Amino acid sequence: MLDQNFFDRDVLKVAPELVGKIIIRKFDDGSIRRFRITQTEAYRGENDKACHASKGRTPRTEIMYHQPGTIYVYLIYGMYWMLNFVTERVNIPQAVLIRAIEGYDGPGKLTKALQIDQTFNNQTIVDNQRIKLFDDLYQPEIITAPRIGVDYAGKIWAKKPWRFIDKNLS
DNA sequence: TCTCCGATTCACT
DNA sequence: GTGAATCGGAGAA
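This note's numbering numbers the first residue of the first sequence as 3 and each following residue consecutively.
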């Protein structure tokens with residue numbers, strides 16, 4: 003299982019390394035399913051205009067200032083939950099968005115498949131009863147691309163190649 | 001309180 | 001390619 007040290011690094015290191023890792027989800031009915039992460043995006047601190055934390059510390063962004071490995075879940079467009087993992091040490095607001103897993107291409111689709119909702123927000127991925135991250139030593143070939151849906155952040159930030167994609171699984 | 005809009009997805013034209 | 005669905009966060013008033 004991935005430990006807190008894995009997340010206690012710069013998001014630009016953690017985000018690409020999460021690609022290829024396995025999400026193990028234990029559902030409420032007791033069943034267990036595994037999903038490989040195929041795409042992630044990095045959101046890097048208060049200076050990153052695409053990052054929610056560019057607004058500074060608010061009740062919502064507070065989560066990103068917490069311990070590395072904290073789960074950050076929020077609702078977008080009134081309909082879809084987004085799944086993120088907080089990186090870097092306390093008081094440095096960074097997070098990795100899980101954008102796709104094998105079989106579910108899209109952040110809103112995968113949270114529906116994984117049954118992720120607000121009850122996961124501000125929990126930790128390290129030692130969690132319902133969701134875990136596992137490294138099966140798969141070595142993905144990764145390509146980068148600009149992040150999606152962040153044009154509002156301006157060209158400088160919208161063009162950062164901070165999306166990480168498994169070249170062979172997408 | 002009120003208004004604007006988003007780290008999306010899907011149905012239609 | 002365009003627009004609707006749907007609602008809470010953030011900022012203005």
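Backbone N, C-alpha and C define an ideal beta-carbon position, used for all residues, glycine too.
Every value quoted in this text rests on a predicted model; they were computed, and no experiment measured them.
In this structure, the straight-line span from the alpha carbon of Gln6 to that of His68 is close to 12 Å. For Val75, the enclosing beta strand (DSSP E) starts and ends at Ile73 to Ile78. Residue environment for Thr40: buried (at least 16 other C-beta atoms within 10 angstroms of its C-beta).
Taken through DSSP and simplified to helix, strand or coil, Glu19 comes out as helix.
Going by beta carbons, Met66 and Pro95 fall inside the 8 Å limit. Inclusion of Ile24 and Arg38 in the CB contact set at 8 Å is warranted, their separation being smaller than that value.
According to the DSSP assignment, Phe136 belongs to the beta strand (DSSP E) that extends over Ile133 to Phe136. A direct Cα-Cα distance of roughly 19 Å separates Phe166 from Ala155. Closest by C-alpha distance to Ile103, out of Arg27, Arg46, Gly32 and Arg59, is Arg27. In the DSSP assignment, Thr113 falls outside any beta strand (DSSP E) and within the unbroken alpha helix (DSSP H) covering Pro109 to Leu116. For Asn86, the enclosing beta strand (DSSP E) begins and ends at Tyr82 to Val88. Annotated as proximal: Gly22 and Gln141, with beta-carbon spacing under 8 Å. Taken through DSSP and simplified to helix, strand or coil, Glu143 comes out as coil.
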